[in-house]
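Undergrad: In terms of this note's numbering, the sequence shown opens at residue 6 and continues consecutively.
Glycine is no exception: its CB is placed at the ideal position from the N, C-alpha and C atoms.
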Amino acid sequence: MHIPPHPVTQRPVYQNLFLALFPTLLLTLFLHIFILSMSNIVHIIDVESGNLRSLQNAIEFLGYEARIVKRADDPALATATRVFLPGVGNYGHFVQQVRARGFVAPLEAYIASGRPLMGICVGLQSLFTGSEESPGAGSEGLGYISYELSKFQTLDSSVDGGRKSVPHIGWNSIVLPAVSGSLLYGLNPSSKYYFVHSYAAVCSAEQQNELIAQGWELAVGRYGSEEFVAAVSRANVFATQFHPEKSGHAGLKVIKAFLDQTKHTPLSAQETVSSDIEVTSTGLTRRIIACLDVRTNDNGDLVVTKGDQYDVREKSEGGDVRNLGKPVELAEKYFKQGADEVTFLNITSFRNSPVRDAPMIEVLRLAAKTVFVPLTVGGGIKDVTDPDGTVVPARDVAGMYFAAGADKVSIGTDAVLFAEKYYANGEKGDGTSPMETISKPYGVQAVVISVDPKRFYVSDPKDVPYATIKTQFPGPSGEQYCYYKVTSQGGRKVHDLGAREFVVACEALGAGEILLNCIDKDGSNSGYDLELIDQVKGAVSIPVIASSGAGRPEHFEEVFRKTKTDAALGAGMFHRGEYEVSDVKKYLTEKKMCVRLDKIEF
Numbered sequence: 006m007h008i009p010p011h012p013v014t015q016r017p018v019y020q021n022l023f024l025a026l027f028p029t030l031l032l033t034l035f036l037h038i039f040i041l042s043m044s045n046i047v048h049i050i051d052v053e054s055g056n057l058r059s060l061q062n063a064i065e066f067l068g069y070e071a072r073i074v075k076r077a078d079d080p081a082l083a084t085a086t087r088v089f090l091p092g093v094g095n096y097g098h099f100v101q102q103v104r105a106r107g108f109v110a111p112l113e114a115y116i117a118s119g120r121p122l123m124g125i126c127v128g129l130q131s132l133f134t135g136s137e138e139s140p141g142a143g144s145e146g147l148g149y150i151s152y153e154l155s156k157f158q159t160l161d162s163s164v165d166g167g168r169k170s171v172p173h174i175g176w177n178s179i180v181l182p183a184v185s186g187s188l189l190y191g192l193n194p195s196s197k198y199y200f201v202h203s204y205a206a207v208c209s210a211e212q213q214n215e216l217i218a219q220g221w222e223l224a225v226g227r228y229g230s231e232e233f234v235a236a237v238s239r240a241n242v243f244a245t246q247f248h249p250e251k252s253g254h255a256g257l258k259v260i261k262a263f264l265d266q267t268k269h270t271p272l273s274a275q276e277t278v279s280s281d282i283e284v285t286s287t288g289l290t291r292r293i294i295a296c297l298d299v300r301t302n303d304n305g306d307l308v309v310t311k312g313d314q315y316d317v318r319e320k321s322e323g324g325d326v327r328n329l330g331k332p333v334e335l336a337e338k339y340f341k342q343g344a345d346e347v348t349f350l351n352i353t354s355f356r357n358s359p360v361r362d363a364p365m366i367e368v369l370r371l372a373a374k375t376v377f378v379p380l381t382v383g384g385g386i387k388d389v390t391d392p393d394g395t396v397v398p399a400r401d402v403a404g405m406y407f408a409a410g411a412d413k414v415s416i417g418t419d420a421v422l423f424a425e426k427y428y429a430n431g432e433k434g435d436g437t438s439p440m441e442t443i444s445k446p447y448g449v450q451a452v453v454i455s456v457d458p459k460r461f462y463v464s465d466p467k468d469v470p471y472a473t474i475k476t477q478f479p480g481p482s483g484e485q486y487c488y489y490k491v492t493s494q495g496g497r498k499v500h501d502l503g504a505r506e507f508v509v510a511c512e513a514l515g516a517g518e519i520l521l522n523c524i525d526k527d528g529s530n531s532g533y534d535l536e537l538i539d540q541v542k543g544a545v546s547i548p549v550i551a552s553s554g555a556g557r558p559e560h561f562e563e564v565f566r567k568t569k570t571d572a573a574l575g576a577g578m579f580h581r582g583e584y585e586v587s588d589v590k591k592y593l594t595e596k597k598m599c600v601r602l603d604k605i606e607f
């Protein structure tokens, strides 16, 4: 029997072709995946000049991966597709660090390659040739814009009272003269952005036109009568003077536009400024701050509490610490309600753990992930001795908080001690106060002084060595004059130092803002101490935050109309749920007062 041979199976031509091309197709697929993953990675240059955590959080919130570059020889710069150059604080310190760490040449090469770069705050300033903040050799900028930065003028006839606070801290608007009819990287004239700086590219209309003629697209801000560069762009370079990562959803929109490289978008009719709301003489909004007093309760839990003249325990039997909520959850809640800033005041001492393990550091890390407005932390900002005997200087303690997500640190008791030393030393600092050591690298705008004054009455101003005021509220024996003494240790210790004298010393030592509490008003819900605010505001040129006594929205209107305070803070009225931050802003809007309303959703 003959069995025919089995026929050889012939593969179709397309199968052979597929097998031949398979390795190439697989390699191409992997390359596409690699390129896609790389395009989602963003690099941030870090020269240790302040809070970069919030920028990293904002980028990751928008769906990108943020990587930190600390060395100029990092090979990541050669393949980076988007780079951020953020800077906070002192101009000279920042540009000197950029040069000392060897970043100038890699930055120039990166920009020349046409890849996108975004500078923020001092990162924008570094594009200029120099600043009067730090003149001299070694403090030159990158020189892409031939112009020198200058300090804002305190005396300004266009501002109510003829003076404006410096630093420029708060929420301001921008205009887009060079790109009328479209948005530059999502910048919107109807939005408010968070600025915090003393120096700027202050320029006239003619100087703005010169920059435009050189190919720069500008967004211009106004502080009093002075106009300045709020944002600038040319080719692949974009930079903002304000902090987009701290400007709420409006700022996130700017970061997203840069990440997506959406440079221009049409300006809609809804994105114009309403004409029936006040335009303040400075240009700033009425700043509303939510404050959280944080401490451990008797069970060891970290909670938000609120005192009555600084007593945080319940009046009922047992006297437990008032528990008004968890700090991170409340911070996020107030951000969503429209708070312009959130302040954490740590009123618990953690002596049994190293400062790097302080619970407030973890609170800040978590809060900064979802709260995109400025965060201030107070309590324990001083030279600290760890349990093992290691001394951690105040500057390094502040640095830990900045690295965790804080934008400002608030100093209390140590500020009083060094103010007393300032006067004992003939009204001179010795360079050792936390105000001096922290402001030198991080800038004065990062240093807040929390002052706790207490009112005392006197019949004759000549009887006391302190600045007095004639009060509308006579004392218990009919005294017509009063003065304020500074306290420390939660109001338990009264110092022989007047509140006015104290804030003058702190400004001289390097403070950039005053958080003005009042023991007599704390927990009263009766409104702010307007006389105290007027006295302190008239003594300094730095911003003042009114605190203590707010119980309803009308108190915010009163303090803004009757004093020149730069901001107003609320606590208990928000914690107890009697009012939301949005209720205060809605009320002020109805009174035609300018507030930030962040309506953009992500």
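In whole angstroms, give me the CA-to-CA distance for Glu-334 and Val-368.
TA: Roughly 10 Å between the two C-alpha positions.
Undergrad: Taking DSSP as the reference, what is the three-state secondary structure of Glu-145?
TA: Of the three classes helix, strand and coil, the one that applies to Glu-145 here is coil, per DSSP.
Undergrad: Can you list, in chain order, the residues of its chain whose CB lies under 8 Å from that of Ser-546, leaving out five sequence neighbours each side?
TA: Cβ within range, chain order: Thr-159, Arg-168, Ser-170, Val-171 and Glu-512.
Undergrad: At the level of alpha carbons, what is the spacing between Arg-72 and Leu-154?
TA: Going from the Cα of Arg-72 to the Cα of Leu-154 covers about 30 Å.
Undergrad: Taking His-202 as part of the alpha helix (DSSP H), name the residues at either end of that continuous run.
TA: Careful: His-202 lies outside any alpha helix (DSSP H), inside the beta strand (DSSP E) at 198-202.
Undergrad: For Arg-291, which option in Ile-50, Gly-577, Thr-570 and His-580 has the closest C-alpha, if you only look at C-alpha atoms?
TA: Taking only the C-alpha atoms, the option nearest Arg-291 is Thr-570.
Undergrad: With DSSP as the reference, label Glu-222 as helix, strand or coil.
TA: The answer is strand: DSSP assigns Glu-222 an E or B state.
Undergrad: Below 6 Å CB to CB, which residues in the same chain sit around Pro-379 once its five sequence neighbours on both sides are set aside?
TA: Cβ within range, chain order: Lys-251, Glu-346 and Asp-412.
Undergrad: Starting from Leu-57, follow the beta strand (DSSP E) in both directions and report where the run begins and ends.
TA: That residue, Leu-57, is in no beta strand (DSSP E); it is neither H nor E in DSSP.
Undergrad: According to DSSP, what are the bridge partners of Asp-298?
TA: Answer is Thr-310 and Leu-350, bridged to Asp-298.
Undergrad: Can you tell which of Gly-146, Asp-419, Thr-86 and Tyr-204 has the C-alpha that lies nearest to the C-alpha of Asp-265?
TA: Checking every option, the nearest Cα to that of Asp-265 belongs to Thr-86.
Undergrad: For the putative contact between Phe-407 and Gly-55, defined by C-beta atoms under 8 Å, what is the C-beta separation to the nearest angstrom?
TA: The Cβ separation is near 5 Å, so the contact holds.
Undergrad: In the DSSP assignment, the alpha helix (DSSP H) including Tyr-152 goes from what residue to what residue?
TA: Taken as a continuous stretch (DSSP letters only), Tyr-152 belongs to no alpha helix (DSSP H), being part of the beta strand (DSSP E) at 150-156.
Undergrad: Reducing DSSP to helix, strand and coil, say where Thr-290 ends up.
TA: DSSP places Thr-290 in coil when its eight states are reduced to three.
Undergrad: CA-CA distance, Ala-255 and Val-491?
TA: Their backbone Cα atoms lie some 39 Å apart in a straight line.
Undergrad: Cβ of Gly-434 within 9 Å of Cβ of Glu-441?
TA: Closer than 9 Å, so yes.
Undergrad: Whole angstroms is fine: what's the gap from Leu-57's alpha carbon to Met-123's?
TA: About 14 Å.
Undergrad: Just tell me which of Gly-394, Ile-64, Ala-399 and Ala-235 has its CA closest to the CA of Pro-446.
TA: Nearest of Gly-394, Ile-64, Ala-399 and Ala-235 to Pro-446, Cα basis: Ala-399.
Undergrad: Which residues in the same chain as Val-541 place their Cβ atom closer than 7 Å to its Cβ, once the five residues preceding and following it in sequence are excluded?
TA: Cβ within range, chain order: Ala-504, Arg-505, Val-508, Ile-519, Leu-521 and Val-549.
Undergrad: Measure the Cβ-Cβ separation of Thr-370 and Ala-409 and say whether it is below 9 Å.
TA: Contrary to the premise, residue 370 reads as Arg rather than Thr in this sequence. Yes, the Cβ-Cβ distance between Arg-370 and Ala-409 is below 9 Å.
Undergrad: I need the DSSP call for Gly-5, collapsed to helix, strand or coil.
TA: Nothing in the structure corresponds to residue 5, since the chain is present only between 6 and 607.
Undergrad: What is the residue span of the alpha helix (DSSP H) that Glu-137 lies within?
TA: Element bounds for Glu-137: n/a, residue is neither H nor E.
Undergrad: Assuming Ala-245 and Ile-125 are in contact, meaning their beta carbons sit under 8 Å apart, how far apart are those beta carbons, in whole angstroms?
TA: Ala is not the amino acid found at residue 245; the sequence shown has Thr there. 6 Å between Cβ atoms; contact.
Undergrad: Would you call Gly-166 buried or exposed, if buried means 16 or more other Cβ atoms sit within 10 Å of its Cβ?
TA: Exposed, by the Cβ-count rule.
Undergrad: Using only the alpha-carbon positions, how far apart do Phe-561 and Thr-348 sit?
TA: Near 17 Å, if we compare the C-alpha coordinates of Thr-348 and Phe-561.
Undergrad: Less than 9 Å between the C-beta atoms of Ser-144 and Val-100, yes or no?
TA: Yes, the pair counts as a contact, with Cβ atoms nearer than the cut-off.
Undergrad: I believe Tyr-96 touches Tyr-204 by the beta-carbon criterion, under 8 Å. Please report the beta-carbon distance rounded to the nearest angstrom.
TA: Confirmed, Cβ separation roughly 6 Å.
Undergrad: Apart from the five residues just before and just after Asp-465, which ones in its own chain have a Cβ nearer than 8 Å to its Cβ?
TA: Correct list, in chain order: Tyr-486.
Undergrad: Ignore the nearest five residues each way along the sequence and tell me which others in Asn-177's own chain have a CB closer than 6 Å to its CB.
TA: Phe-200, Gly-226, Gly-288 and Leu-289.
Undergrad: Going by the DSSP bridge assignment, what does Gly-92 pair with across the sheet?
TA: DSSP, once it has assigned bridges, lists Cys-126 as partnering Gly-92.
Undergrad: Just curious, the alpha helix (DSSP H) that Phe-423 is in, first and last residue?
TA: Segment 418-429, the alpha helix (DSSP H) holding Phe-423.
Undergrad: Determine, using beta carbons only, whether Gly-394 and Ser-493 come nearer to each other than 9 Å.
TA: In this structure, Ser-493 does not lie closer than 9 Å to Gly-394 by Cβ.
Undergrad: Buried or exposed: where does Gly-135 fall if 16 or more other Cβ atoms within 10 Å of its Cβ makes it buried?
TA: With 16 or more Cβ atoms within 10 Å of its Cβ, Gly-135 is classed as buried.
Undergrad: If you check the beta carbons only, do Ser-568 and Ile-524 fall under 9 Å apart?
TA: Note on residue identity: the sequence assigns Thr, not Ser, to residue 568. Cβ atoms of Thr-568 and Ile-524: not closer than 9 Å.
Undergrad: Give the secondary structure of Ser-415 by DSSP, where H, G and I count as helix, E and B as strand, and everything else as coil.
TA: Strand.
Undergrad: By alpha-carbon positions, which one of Lys-156, Phe-423, Ala-373 and Thr-375 ends up nearest to Asp-388?
TA: It is Phe-423.
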